[in-house]
Each structure stands twice: as structure tokens, then as C-alpha cells.
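Engineer:
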Amino acid sequence: MLLHTPPLTSHLASVVRTPAPTAPQRARQVDSHQLLAGARELAIEHLGQTYHLRLTRNDKLILTK
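Numbering follows our numbering, with no gaps: position 43 of the sequence shown is 38.
1) What are the start and end residues of the beta strand (DSSP E) that includes Gln44?
2) Rounded to a whole number of angstroms, what is the C-alpha to C-alpha distance between Val25 and Glu40?
3) Within the same chain, show all residues whose beta-carbon is closer than 8 angstroms to that of Thr51, passing over the 5 residues directly before and after it, in chain order.
4) Mind checking which residues open and close the beta strand (DSSP E) that includes Thr17?
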């Protein structure tokens, strides 16, 4: 037995076709040794400001303005 289904209205059709939200993308990951390239400090330009990423004697990273 065949059932007849009425056609979707344009409003319902747009709701049905709306894709599900996607999961947020992971942040890009960079190895600190590769970023510093053997140096202990890196200057980063951002919106006209200079920031300094420093590797401390205790192998910690510090970002300062």
C-alpha cells in the first residue's frame, strides 16, 4: 500500500536542508622548538604591537608586550 505525502512547502524545505552545525576546529599546533628555531626569544608583530616570546632557563615560555 502506497502512502501519499504532500510536498514540502518552501519554508519547510529550507529547514530540512539546513546542515547540522559542525564541531569547532582544533587550534593549529606548532612545536616551540620549531617556532623558536634555536633562539631563546622570538618577536611577534600583532596589530602594530611587538610581543616577545621568551624561553626561560627553566624551559618555560613567557609572552610579554
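All residues carry an ideal CB built from backbone N, CA and C; glycine is no exception.
Structural biologist: Based on what the coordinates show:
1) Gln44 to Leu50
2) 17 angstroms
3) Ile57
4) No beta strand (DSSP E) holds Thr17; DSSP gives it neither H nor E.
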